[in-house]
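Report on the following structure.
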Amino acid sequence: MSCRVITVTSMKGGVGKTETSLNLAAAIRKETGKKVMLIDFDIPYGGVTQALALKKYKSISDWIKTNRNISEEGVESLSISHQTGIDILPAIASAHDVKRFSCEVAERIIQNITLYYDFVVIDTGVDFSFITQKALQKSDHIILVTSPQNTSIWNNYQYKEDIIQLGIHPQQILVFVNQVVENPDITVEQVKEVFLHYGHSISSVFTAIQDDRVRKNRNLRGVIYLDEPAANFSRSIYSILKTLGIAIPDLKSRNKGWISNLLRIKRRLFC
Numbered sequence: 000m001s002c003r004v005i006t007v008t009s010m011k012g013g014v015g016k017t018e019t020s021l022n023l024a025a026a027i028r029k030e031t032g033k034k035v036m037l038i039d040f041d042i043p044y045g046g047v048t049q050a051l052a053l054k055k056y057k058s059i060s061d062w063i064k065t066n067r068n069i070s071e072e073g074v075e076s077l078s079i080s081h082q083t084g085i086d087i088l089p090a091i092a093s094a095h096d097v098k099r100f101s102c103e104v105a106e107r108i109i110q111n112i113t114l115y116y117d118f119v120v121i122d123t124g125v126d127f128s129f130i131t132q133k134a135l136q137k138s139d140h141i142i143l144v145t146s147p148q149n150t151s152i153w154n155n156y157q158y159k160e161d162i163i164q165l166g167i168h169p170q171q172i173l174v175f176v177n178q179v180v181e182n183p184d185i186t187v188e189q190v191k192e193v194f195l196h197y198g199h200s201i202s203s204v205f206t207a208i209q210d211d212r213v214r215k216n217r218n219l220r221g222v223i224y225l226d227e228p229a230a231n232f233s234r235s236i237y238s239i240l241k242t243l244g245i246a247i248p249d250l251k252s253r254n255k256g257w258i259s260n261l262l263r264i265k266r267r268l269f270c
């Protein structure tokens with residue numbers, strides 16, 4: 000099985016990194032029907048289980064104890080199945096496991112899970128730890144989440160440059176500018192200028208507006224991509240999937256293209 004690994008990361012907290020990871024994983028599952036695992040490498044406490052109000056009855060701590068390669072059934076038994084159709088591997092169950100969660104364990108987790116899943120989405124911590132670096136190096140695509148504030152922009156700009164120094168190609172990196180307010184002090188165009196033209200130029204920049212529906216949906220333990228697909232945040236996630244070649248054009252667009260082709264053939268036959 001060929002697996003694609005997508006890591007969602009940021010060097011600034013509070014920008015919607017975990018929200019992006021969760022919705023991205025659920026969106027991939029919805030659009031493809033493939034097996035998707037969401038791994039929480041935000042150590043020690045994580046954020047995915049808290050976002051969905053799940054108990055960590057399985058977690059990375061179990062992988063630390065296992066200390067070996069395991070079968071497909073074993074991988075599935077060490078994760079939590081969610082109603083969205085995705086499987087989730089929560090962060091460590093206890094802060095006491097921080098020192099035991101080594102780079103080698105992180106690599107073993109990724110290697111085992113990618114054997115049995117079509118897509119793996121990794122939610123990293125807001126750090127440049129060896130665990131985060133391992134996730135980045137194992138990724139096919141990296142989504143760098145920022146907000147349009149100076150600290151977030153420039154922290155993540157430097158982070159982008161440091162990621163590239165790990166040997167990762169700039170075109171593997173996408174930037175997601177989240178929480179864009181109306182009449183911002185720093186415009187989206189200015190943010191794009193930083194990431195597209197300063198230092199190493201990355202492939203694409205996506206944006207999502209500050210939308211109170213995202214906050215309300217999170218407090219209800221929902222997944223806005225599934226609950227409100229017309230929301231701007233949901234449409235931004237879909238745009239990312241299309242750019243990555245994961246989502247197909249929406250049905251309306253496909254129908255429009257089919258009708259246009261039919262009319263074109265008709266004109267050729269009867270004109």
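Residue 192 in numbering that gives the first Met the number 0 sits at position 193 of the sequence shown; the count goes up by one each step and never skips. C-beta: ideal position from N, C-alpha, C; glycine also.
message: For E18, count the other beta carbons within 10 Å of its own beta carbon; 16 or more makes it buried, fewer makes it exposed. Which is it?
response: buried
- prompt: What residues in its chain sit with their C-beta under 7 Å from that of I223, if we drop five residues either side in the sequence?
  reply: N22, R212, V213, N216, A230, F232, S233
field: Whole-angstrom distance between V125 and G13, CA atom to CA atom
entry: Approximately 10 Å between the Cα atoms of the pair.
Nearest neighbour of D139, chosen from E30, D117, N155, N149 [CA to CA]: D117
task: Look at the alpha carbon of D184 and the alpha carbon of T145, and state the distance between them as a whole number of angstroms.
output: 15 Å
query: Buried or exposed: V97, going by 16 or more other Cβ atoms within 10 Å of its Cβ?
result: Using a 10 angstroms sphere on the CB of V97, the tally of other CB atoms stays under 16, which defines it as exposed.
Coarse secondary structure for Q209, derived from DSSP in three states: coil
- request: Express the C-alpha separation of T65 and V104 in angstroms, rounding to a whole number.
  value: The C-alpha of T65 is placed about 10 Å away from the C-alpha of V104.
- request: Classify H314 as helix, strand or coil using the three-state DSSP reduction.
  value: Given that the chain is displayed from residue 0 to residue 270, the structure contains no residue 314 and the question cannot be resolved.
- request: Under 8 Å by Cβ, that's how I've got D273 and L88 pegged, so tell me the actual separation to the nearest angstrom.
  value: Residue 273 falls outside the range modelled here, since the chain spans only 0 to 270, and no answer is possible.
task: Would you mind working out which of A94, R67, L37 sits nearest I79, comparing C-alpha positions?
output: L37
query: Alpha carbon to alpha carbon, how far is Y44 from I112?
result: 21 Å
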